[in-house]
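Notes follow the structure.
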Amino acid sequence: MLEKLQTIKERFEEVSEQISDPEIISDHKKYIQLNKDYKNLKEIVDKGEEYRVLLLNIEEAEEIIKDASDKEMVEMAKMQLDESKEKLPALEDEIKLMLVPKDPEDSKNVVIEIRAGTGGDEASIFAGDLYRMYTKYCENRGWKTNVMDISEGTSGGFKEVIFEVTGQEIYGIMKFESGVHRVQRVPQTETQGRVHTSAATVMVLPEAEEFDVEIDMNDVRVDFFCSSGPGGQSVNTTYSAVRLTHEPTGIVTQCQDQKSQHKNKDKALRVLRSRLYELELSKKMEEDSAKRSSLISSGDRSAKIRTYNYSQGRVTDHRIGLTLYDLQNIINGDIQKLVDELQLANNVAKLKAATE
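Everything in the sequence shown is counted per this note's numbering, starting at 10 for the first residue and increasing by one.
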């Protein structure tokens, strides 16, 4: 492990020099990538230094105990040795995990798409519940959310809502939310008190930057239409809403929440770029057998990942077999326990794969 840490330290010093090179600063794409590398490497280098100090403390304490000439020093050394040895296994595990190559997408912002599935009006209401759950969670973490497009349901909630989230390391935290979410409860529209099962699909896409995906605008059909829904006097009177169709893939994105045609086009283009980027990531995941076989792979959009049962007040994540009897807090945005358990399961799988 010390050899690996030394190699990383040398690479960190190399990146530190490159990052101040005027030639590299002028290359926007390379400069951004080197900044990310610098940040990631620094975390490992700092943790490696902590590890070296701990090993040195153990070595010094053992020498003092072996010498045994000063009883008071020996007692202090024994305490230091016990304390250092207690810290060592957890620190080694932490470093092992840091040495596993990171998913380069984990640091990205995200675009989240929530669509009502089976269940009619109740599915739209549930999609609205999920939207509020995620926006409250994002707010609690200090992340910013920005609606890209909304299609409202007939009895409340949304047929579809698309929003972006900006902050720190968001995709790495949110990516396991992708999949089918199922709700079991008595709908507001049910008169006989029967429990119904409805569903909504969540997609979490890493937000692609311009240099991640180059879009040839000759491949994109642009249509303008009148906005519908909230928006004031301009609704249904000006062609401010924008629909983009990427003809090679058939992907369609649209935005109508801004009064400015230019702003709507810009938002729709960002969603299109992220969908195209996610399409490429999905292909890579299919080629990667380790990721494909992962219990918590975020690649399968049709997989039922979680059930929210209102009558029993429970939420079950089917991928890791976790059931929490805390539905009310979870649906109000407190999903951290779920996030932590999913990341833990993912980290265990990563460590296992790295040691095989």
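Ideal Cβ placement from N, Cα and C applies to all residues, glycine included.
Keep in mind the model is a prediction, meaning the values are calculated, not measured.
Uninterrupted beta strand (DSSP E) stretches at least 3 residues long and entirely within the stretch 203-274 occur at 205-215, 229-234, 250-255 and 260-264, given in chain order. It is roughly 18 angstroms from the alpha-carbon of Thr325 to the alpha-carbon of Ala132. Between the beta-carbon of Leu139 and that of Ala208 there is about 10 angstroms, and that puts the pair past the 8 angstroms contact cut. Its Cα nearest to that of Arg191, the residue Val204 stands out among Gly181, Val204 and Tyr180. Exclusion of the five residues before and after Glu122 leaves Ile171 and Met212 as the residues of its chain whose Cβ lies within less than 6 angstroms of its Cβ.
Under DSSP, Ile171 shares a beta bridge with Glu122 and Asp158. Secondary structure of Asp130 (DSSP, three-state): helix. Under DSSP, Tyr317 takes part in a beta bridge, and its partners are Val192 and Val324. Glu148 and Thr154 have their C-alpha atoms roughly 8 angstroms apart. Nearest in C-alpha terms to Gly166, of all of Arg279, Pro113, Ala362 and Met142, is Met142.
DSSP lists Val324 as the beta-bridge partner residues of Leu333. Residue pairing for Lys153: DSSP places it in a beta bridge opposite Thr175. About 7 angstroms separates the beta carbon of Gly57 from that of Ile17, a gap short enough to meet the 8 angstroms contact definition.
Met88: member of the alpha helix (DSSP H) spanning Lys80 to Leu108, first to last residue. Under the Cβ criterion (8 angstroms, minimum of three pairs), the stretch 281-291 counts as touching the stretch 217-232.
For Ile74, the enclosing alpha helix (DSSP H) has its first and last residue at His37 to Asp76. In the structure shown, the three-state DSSP call for Gly181 is helix. Scanning its chain for C-beta atoms nearer than 6 angstroms, with the 5 sequence neighbours on each side dropped, one finds around Gly202 the residues Val195, in chain order. Inter-segment contact for the stretch 248-259 and the stretch 218-232 is present: three or more beta-carbon pairs are separated by less than 8 angstroms. DSSP places Lys13 inside the alpha helix (DSSP H), whose first and last residues are Leu11 to Gln27.
Per DSSP, reduced to three states, the secondary structure at Gly166 is coil, with no helix or strand assignment. The beta carbon of Asp115 sits closer than 7 angstroms to those of Glu178, Tyr180 and Gly181, all from its chain and outside the five residues before and after it, given in chain order. When secondary structure is reduced to three states using DSSP, Asn341 falls in the coil class, being assigned neither helix nor strand.
The closest CA to that of Val83, considering only Glu71, Lys94, Glu92 and Ser93, is found on Glu71.
According to the DSSP assignment, Glu32 belongs to the alpha helix (DSSP H) that extends over Pro31 to Ile34.
By the criterion of a C-beta distance shorter than 7 angstroms, Ala312 is surrounded in its chain by Gly188 and Val189, once the five residues flanking it on both sides are discounted.
Shortest Cα-Cα distance from Asp55 to any of Asn118, Lys274, Met107 and Ser236 involves Met107.
Separation of Val119 and Glu289 (C-alpha to C-alpha, rounded to the nearest whole angstrom) is 16 angstroms.
Within its own chain, the residues whose Cβ lies closer than 8 angstroms to the Cβ of Tyr40, once the five positions on either side in sequence are excluded, are Ile28, Ile33 and Ile34, listed in chain order.
Ser93 and Glu69 have their C-alpha atoms some 11 angstroms from each other.
Glu101 and Glu95 have their C-alpha atoms spaced approximately 11 angstroms apart.
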